[in-house]
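Q:
Chains as they are written, first to last, in the numbering used here: chain A, 285 to 482; chain B, 285 to 482.
Right under this line is the structure:
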């Protein structure tokens, strides 16, 4: 069964791909507003694996709304959440029988409630799977060490392909780089350079 | 890494075993109060797979308390939930680095909250994994069809090895068979007779 997995080349979505591999024909799908070419970082990682890869076009209006939200809130949580839900809606409209993401048990954001999952499934006639939602932080870290090759560092040095990169770029273009470092806390990011298949 | 999975030979815990197989050395662990020999149904299924099998002894006081709860409530939900949490505590006290169960996204019971999961992990120094907690009913049904051989029918005809079987037996012994059919709704059960490895 064909499954489209929202893919950023971060550790969570990479581990999700491995978790789903025995049950589904997984395609790694990187969502992009077309603001930057950061999706190519995900393509580069995908090329080192046996998974298919494609991009998914997001609506630029959602990026603009997300940047307004960032300015209003002063923190990224709500903006990231609304972009993630939009990406799932777009993915659910494609031809996959099942869709998935890398959300974990301990994630505050993005998070998809049971009701949101059920609604997505009912409206689009797809299965929505969150294969890591029953895994805590410790388990994920141990599995990442065992199964993935990663680079890690602060957000501005790590080139992955999540929504954050495009929102940061759009915000920097409008309000300057200082606005970006004010709104996005300096947290450690990981970029997966390759998989050690389990 | 060694993982002990609470195993009943039902479809959920069987699918959980397949979901975990690429990441862990999974042992199928069937919990028993020693009231009946129903655990042997799980052993029989386990013998058709490549997974190790063992039993886990539960505290008979918990079975007695669960039967009291059944009598008070008139429905099985709370009794099953408390037995499941007890079984996870017992399993977490064993030598496994990680423990797991077959709880699904749409299960009302048993269910393990994030806070309960975190507490179990912190107190016992184990990872607790619920590999199906990000899978809805439709996805589980489709994967069961593809990967498991199942028999299904009403509870009294299907011989699996869940807590319900032992609680039913204990209640029947005390209050007679009529009490059992009053408290336990007549629902369809599944017994897995074999795995088609993915």
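Glycine included, C-beta positions come from ideal geometry on N, C-alpha and C.
Can you tell me whether DSSP reads residue 482(A) as helix, strand or coil?
A: In the first chain, the residue the question calls residue 482(A) occupies position 198. Confidence at residue 482(A) is low in this model, with a pLDDT of 49, below 50, so its placement is unreliable and no value can be given for it.
Q: With a cut-off of 7 Å, does the C-beta of residue 417(B) fall near any C-beta of chain A?
A: Numbered from its first residue, the second chain carries residue 417(B) at position 133. By this cut-off, residue 417(B) is an interface position.
Q: Please state the DSSP three-state secondary structure of residue 422(A).
A: Position 138 of the first chain holds residue 422(A). The answer is helix: DSSP assigns residue 422(A) an H, G or I state.
Q: Compare the C-beta of residue 406(B) with all C-beta atoms of chain A and state if any pair is closer than 7 Å.
A: Mapped onto the second chain, residue 406(B) falls at position 122. Taking Cβ atoms only, chain A never reaches closer than 7 Å to residue 406(B), which makes this a no.
Q: How is residue 379(A) classed by DSSP in three states: helix, strand or coil?
A: Locating residue 379(A) in the first chain gives position 95, where the first residue counts as 1. Coil, per DSSP.
Q: Grab the span of the alpha helix (DSSP H) containing residue 407(A) for me, first residue to last.
A: Within the first chain, numbered from 1, the residue matching residue 407(A) stands at position 123. Where residue 407(A) is concerned, the enclosing alpha helix (DSSP H) stretches over 398-408.
Q: Do the CB positions of residue 425(A) and residue 477(A) come within less than 7 Å of each other?
A: For the purposes of this step, residue 425(A) is taken as residue 141 along the first chain, with counting starting at 1. For the purposes of this step, residue 477(A) is taken as residue 193 along the first chain, with counting starting at 1. Not closer than 7 Å, so no.
Q: Using DSSP with H/G/I as helix, E/B as strand and the rest coil, what is residue 394(B)?
A: Residue 394(B) sits at position 110 when you count from the first residue of the second chain. Coil.
Q: Can you tell me which of the three DSSP states residue 309(B) falls into?
A: On the second chain, residue 309(B) is found 25 positions in, with the first residue counted as 1. Correct three-state label for residue 309(B): strand.
Q: Between residue 252(A) and residue 355(B), what straight-line distance do the alpha-carbon atoms span, to the nearest angstrom?
A: Because chain A in this structure spans residues 285 to 482, residue 252(A) falls outside the shown range and cannot be described.
Q: Which stretch, first to last residue, makes up the beta strand (DSSP E) that contains residue 259(B)?
A: The first residue shown for chain B is 285 and the last is 482, placing residue 259(B) beyond what the model contains.
Q: Starting from the beta carbon of residue 420(B), find every residue of chain A whose beta carbon is closer than 9 Å, and list them in chain order.
A: Taking the second chain and counting its residues from 1, the one referred to as residue 420(B) is at position 136. Within 9 Å Cβ-Cβ: 398, 401, 402, 405, 411, 412 and 413.
Q: Quick one: does residue 380(B) have its CB under 7 Å from some CB of chain A?
A: Here residue 380(B) refers to the residue found at position 96 of the second chain. False, the Cβ-Cβ gap to chain A never drops below 7 Å.
Q: Please report how far the alpha carbon of residue 351(A) lies from the alpha carbon of residue 377(A), in whole angstroms.
A: Start at 1 with the first residue of the first chain, and residue 351(A) comes out as number 67. Start at 1 with the first residue of the first chain, and residue 377(A) comes out as number 93. Spanning the two alpha carbons is a distance of roughly 24 Å.
Q: Is the shortest distance between the beta-carbon of residue 480(A) and the beta-carbons of chain B less than 7 Å?
A: Indexing the first chain from 1 puts residue 480(A) at position 196. Not an interface residue.
Q: If I measure Cβ to Cβ from residue 303(B) and keep anything under 6 Å in the same chain, skipping five residues before and after, which residues do I get?
A: Within the second chain, residue 303(B) is the residue found at index 19, counting from 1. Closer than 6 Å at the Cβ level, and outside the excluded window around residue 303(B), lie 415.
Q: Can residue 368(A) and residue 346(A) be called in contact, C-beta distance under 7 Å?
A: Your numbering for residue 368(A) matches position 84 in the first chain. Your numbering for residue 346(A) matches position 62 in the first chain. No, the Cβ-Cβ distance between residue 368(A) and residue 346(A) is not below 7 Å.
Q: Of the residues 480(B), 285(B), 296(B) and 407(B), which one's Cα is nearest the Cα of residue 391(B)?
A: Translated into positions along the second chain, residue 391(B) becomes position 107. If we check each option's Cα against that of residue 391(B), 296(B) comes out closest.
Q: Mapping the DSSP letters down to three states, classify residue 338(A) as helix, strand or coil.
A: As a position in the first chain, residue 338(A) is number 54, starting the count at 1. Reduced to three states, the DSSP call for residue 338(A) is strand.
Q: Can you list the residues of chain B that residue 276(A) reaches, using a CB-CB cut of under 8 Å?
A: Not covered by the structure: residue 276(A). The range shown for chain A is 285 to 482.
Q: Could you pull out every residue in the same chain whose Cβ sits closer than 6 Å to the Cβ of residue 337(A), ignoring the five residues on either side in sequence?
A: As a first step, residue 337(A) must be located in the first chain, where it is residue number 53. If we look at residue 337(A) and ignore the five residues flanking it on each side, its Cβ neighbours are 312, 327 and 330.
Q: Residues of chain B with a CB under 7 Å from the CB of residue 423(A): which are they?
A: Indexing the first chain from 1 puts residue 423(A) at position 139. The contacting residues are 382, 411 and 413.
Q: Could you tell me which of 299(A), 469(A) and 480(A) sits nearest to residue 283(A), measuring between CA atoms?
A: Here chain A covers residues 285 to 482 and nothing more, so residue 283(A) does not appear.
Q: What does the alpha-carbon distance come out to for the pair residue 461(B) and residue 396(B)?
A: Looking up residue 461(B) in the second chain gives position 177. Looking up residue 396(B) in the second chain gives position 112. Using only the alpha carbons, I get a separation of about 31 Å.
Q: Just to confirm my understanding: we take residue 482(B), look at its own chain, exclude 5 residues before and 5 after, and list those with CB closer than 7 Å. What are they?
A: Numbered from its first residue, the second chain carries residue 482(B) at position 198. Residue confidence is low: residue 482(B) scores 49 on pLDDT, short of 50, so the model does not pin down where it sits. Its coordinate-derived value is still stated next. Cβ within range, chain order: 302 and 431.
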